[in-house]
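K.L.:
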Amino acid sequence: MARTVITLPERARRGDIVEVRCLIAHTMETGYRNDDQGQRLPADLIRRFTCHYRGELVCGADLFAAISANPLLVLFVHATESGPLDFVWEGDNGFVQRESRTLTVT
Amino acid sequence: MTPRRRWMLHTTGLGLSLWLRPASATPEAMAAALRELTGGVRPQTGKVKLDLSELVENGNAVPVKVTVDSPMTAGDHVRRIALFTERNPRPEVAVFQLGPAAGRARVDTRIRLATSQQVLALAQLGDGTWWQHRVDVIVTLAACIES
């Protein structure tokens, strides 16, 4: 399990646009670097990220080697009703990480 | 890049040039990747704003912000936002799909830049048109040179 930090406001008013910051600890090894012995380090990347709000897509992203280590993605959600925000990161070597947060709308 | 800078890169920065030369993409590779995404449509300039520092000290984590001029209503909203680079090993950086729950036509992330080059942001609106913004960036410490 990778460490994730997801930042969103505790509550929002209906109609607000809410900033959601999604950070995950991951090396994002590019596959273009060599180790101390000159051996090529194989690529180990997060390839796909999705965020859904109450089942509706907020943002999907195809990520490549040019995304920095510990990828940060900042999204904006249109708050309508209280409900779950579901996050999925998928990548090489069977990497899957799921997180869920509740957005409270008053 | 001046001839002298290039010469310096090849002599003093031998490790860097060895790493960059075989894997580096070209402006043509970026153009090809762009054509593949847009299906051959030539993007117009405008509507998209790519925000990143023009002088980058550390190419390992360069903050970027892409905003698109769009009301993001059900009838008129941004479908896709993409980022490309000219001289990284691969031109693709990220392709975002924005859904109906997206409140603003904006994404922020952090990218790697292997060398000084042009970065391209691309957006597809709901009517299918493509828009672009290009920024030239100078990188003083390139990404990935340390093993």
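Top to bottom, those sequences are chains A and B. Counting from 12, one number per residue, gives the positions in the first sequence under this note's numbering. Counting from 293, one number per residue, gives the positions in the second sequence under this note's numbering. Note that CB positions come from ideal geometry on N, CA and C, so glycine has one too.
1. Give the residues from the segment 382-394 of chain B that approach chain A closer than 7 angstroms (Cβ to any Cβ), ordered along the chain.
2. Can you tell which of 13/A, 41/A, 45/A and 16/A has its C-alpha closest to the C-alpha of residue 405/B?
3. Considering only the alpha carbon of each residue, which of 369/B, 359/B, 398/B and 355/B lies closest to residue 82/A?
4. Listed in chain order, which residues of the segment 342-362 of chain B have Cβ atoms closer than 7 angstroms to some Cβ of chain A?
5. Looking at chain B, is there any beta carbon in it that lies within less than 8 angstroms of the beta carbon of residue 102/A?
6. Look up residue 319/B in the DSSP assignment and give the residues it is bridged to.
7. Could you give the DSSP three-state label for residue 371/B: helix, strand or coil?
8. On the criterion of 16 or more Cβ atoms from any shown chain inside 10 Å, does residue 50/A qualify as buried, or is it exposed?
9. Run down chain A in chain order and give the residues with a C-beta less than 9 angstroms from the C-beta of residue 379/B.
10. Going by DSSP in three states, residue 324/B sits in which element: helix, strand or coil?
11. Throw me the rounded Cβ distance for the residue 44/A and residue 102/A pair, which I believe falls under 8 angstroms.
12. Assign residue 417/B to one of three DSSP states: helix, strand, or coil.
13. With 16 as the cutoff for other CB atoms within 10 Å, does residue 114/A come out buried or exposed?
14. Apart from the five residues just before and just after residue 347/B, which ones in its own chain have a Cβ nearer than 6 angstroms to its Cβ?
15. Going by DSSP, what residue range makes up the beta strand (DSSP E) through residue 81/A?
16. With 8 angstroms set as the bound, which would you pick, yes or no: does the beta-carbon of residue 78/A sit closer than that to a beta-carbon of chain B?
P.N.:
Answer, in terms of the structure:
1. Residues 382, 384, 385, 386, 387, 388, 389, 390, 391, 392, 393 and 394.
2. When only C-alpha atoms are compared, the closest one is 41/A.
3. 355/B
4. 352 and 353
5. no
6. Answer by DSSP bridge pairing: none, since residue 319/B is not bridged.
7. coil
8. exposed
9. Here the premise fails: no neighbours, minimum Cβ distance about 11 angstroms.
10. helix
11. That belief does not hold up - the Cβ atoms of residue 44/A and residue 102/A are roughly 17 angstroms apart, past 8 angstroms.
12. coil
13. Sixteen is the threshold: when 16 or more other Cβ atoms of the shown chains lie within 10 Å of the Cβ of residue 114/A, as they do, the residue is buried.
14. 430
15. It is not in any beta strand (DSSP E) - residue 81/A carries neither H nor E in the DSSP assignment.
16. Against chain B, the CB of residue 78/A has a partner CB under 8 angstroms away; the residue lies at that interface.
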